[in-house]
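Student:
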Amino acid sequence: MNTHIRHEGIIDSIDGEHVQVRIVQMSACASCHAASKCVTSESKVKIVDLWLKDSLRYKIGQKVVVLASDKVGMTAVMIGFVIPVVIVVLTIVLALYLTSS
Numbered sequence: 008m009n010t011h012i013r014h015e016g017i018i019d020s021i022d023g024e025h026v027q028v029r030i031v032q033m034s035a036c037a038s039c040h041a042a043s044k045c046v047t048s049e050s051k052v053k054i055v056d057l058w059l060k061d062s063l064r065y066k067i068g069q070k071v072v073v074l075a076s077d078k079v080g081m082t083a084v085m086i087g088f089v090i091p092v093v094i095v096v097l098t099i100v101l102a103l104y105l106t107s108s
């Protein structure tokens with residue numbers, strides 16, 4: 008199963024091969040007609056850094072679609088959450104073993 012993570016965004020800046028894309032993520036109810044009156048609706052703006060060899064094709068303000076494979080997403084979760092938790096647990100176990108308390 009080859010699925011992708013897909014987000015639409017707008018190019019904020021281009022510096023050589025470095026392109027920054029602004030992605031607005033909205034909660035499921037943010038598109039509701041009552042969202043302005045409701046306290047549960049929210050949106051987050053995220054900046055994604057991309058390095059593209061053909062960055063000259065793009066212009067600031069252009070709408071783009073950013074795709075990433077699920078494997079990239081799982082790698083990000085491993086680096087961001089799993090590995091730090093393992094390091095903290097190993098550090099605690101090692102400290103308890105060395106201090107005997």
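With the working numbering, you'll find the sequence shown wraps up at 108, consecutive numbering, no jumps.
C-beta: ideal position from N, C-alpha, C; glycine also.
No experiment lies behind these values; they were computed from the predicted model shown.
(1) Would you call the region 17-33 and the region 49-63 touching, i.e. three or more CB-CB distances under 8 Å?
(2) Work out the CA separation of ILE86 and GLN69 for me, nearest whole Å.
(3) Is the CB-CB distance between GLY80 and VAL55 below 8 Å?
(4) Between which residues of its own chain and VAL148 is the CB-CB distance below 8 Å, once the five residues before and five after are set aside?
(5) According to the Cβ coordinates, are ALA83 and HIS11 closer than 8 Å?
(6) Just to confirm, is the Cβ distance from LYS53 to ILE90 under 8 Å?
(7) What separation, rounded to the nearest whole angstrom, lies between the Cα atoms of LEU105 and LYS78?
(8) Do you know offhand how far THR98's Cα is from PHE88's?
(9) What does the alpha-carbon distance come out to for the pair VAL96 and SER107?
Tutor: On the basis of the supplied data:
(1) yes
(2) 31 Å
(3) no
(4) In the structure as shown, the chain starts at 8 and stops at 108, and residue 148 therefore has no counterpart that could be examined.
(5) No, the pair does not count as a contact, with Cβ atoms beyond the cut-off.
(6) no
(7) 38 Å
(8) Cα to Cα, THR98 sits roughly 16 Å from PHE88.
(9) 16 Å
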